[in-house]
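Only one structure is covered here, and it is reproduced in the block below.
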Amino acid sequence: MAKAAILVSALCFLAIATFAHAQQKVYNTYGGVYCDPCNVEFHTRLSYPIPGARVQVQCRNRDTNAVTVTKEGWTNNDGGYSIDVIGDHEEEICEVSALSSPDAKCNVPFTNADKARVLLTENSGVQGTSRYANPIGFKTTTPDAGCKDVLAELGMTV
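Taking mature numbering (1 follows the signal peptide of the UniProt record, and there is no 0), I'd label the letters of the sequence shown as residues -22 to -1, 1 to 136.
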């Protein structure tokens, strides 16, 4: 009887361990979308968040470039977003991009900083399942009048 109890206990333990291993992790990708009124594609003191922007996380196979996952979301009132992606994507390239801006004055996509890479794997050296993506955004069609002073403060010539 004792041998049967030990055997049943061992089988239950293995079943629980297998079930726990089968559960896929959920990686929370978060960040922000902003407007760049100076058209320099980085934050300045004139930059502001864009609420209601549509954002996408997309992962692609490193070798074939085939899309393996696509998830979309929207920014909140503070221009921040949070998108959950299921599973480990160690062998894939995952990027966040801003798809659209509801701000009629600021809806021109960035050309150089239009995507932010995120590592959605537990083998990245990052603890936990929260992943911060660098800010992404949109710019205006014409620079704001105050940008000349802002860029001068930063030591940039216009």
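Glycine residues also receive a C-beta, built at the ideal position from the N, C-alpha and C atoms.
Quick caveat, the model's predicted, so the values are computed rather than measured.
Classification of residue i by the beta-carbon crowding that lies within 10 angstroms, buried from 16 upward
i, result
"S25", "buried"
"T53", "buried"
"V4", "exposed"
"Y110", "exposed"
"P113", "buried"
"S79", "buried"
"residue 188", "Any answer about residue 188 is impossible in this case: the structure gives the chain only from -22 up to 136."
"G133", "exposed"
"A44", "exposed"
"G115", "buried"
"D127", "exposed"
Spatial neighbours of residue i in its chain, beta-carbon cut-off 8 Å, leaving aside the 5 residues before and after
i, result
"T46", "C37, R38, N39, H67, E70"
"L129", "C16, V18, T22, T135, V136"
"V104", "L97"
"H(-2)", "Note on H(-2): pLDDT 46, under 50, position unreliable in the model; no value is reported."
"P121", "P15, C16, N17"
Own chain partners of residue i with C-beta closer than 6 Å, once the 5 adjacent residues on each side are dropped
i, result
"residue 155", "Outside the shown range of the chain, which is -22 to 136, sits residue 155, and nothing can be said about it."
"L77", "R32, Q34"
"E50", "Q34"
For residue i, the residue or residues it bridges with in DSSP
i, result
"E70", "N39"
"A82", "In DSSP, A82 forms no bridge with anything."
Close beta carbons around residue i, own chain, < 7 Å, minus the five adjacent residues each side
i, result
"K83", "T118"
"T89", "none"
"T99", "D66, H67, E68"
"C125", "P15, C16, L24"
Beta carbon proximity, residue i to chain D, threshold 7 Å
i, result
"Q34", "No chain D is part of this structure, which consists of one protein chain only."
CB-CB length for residue i against residue j, believed under 8 Å
i, j, result
"V11", "G57", "5 Å"
"V63", "G9", "Not really, about 13 Å apart at Cβ, beyond 8 Å."
"I28", "D81", "5 Å"
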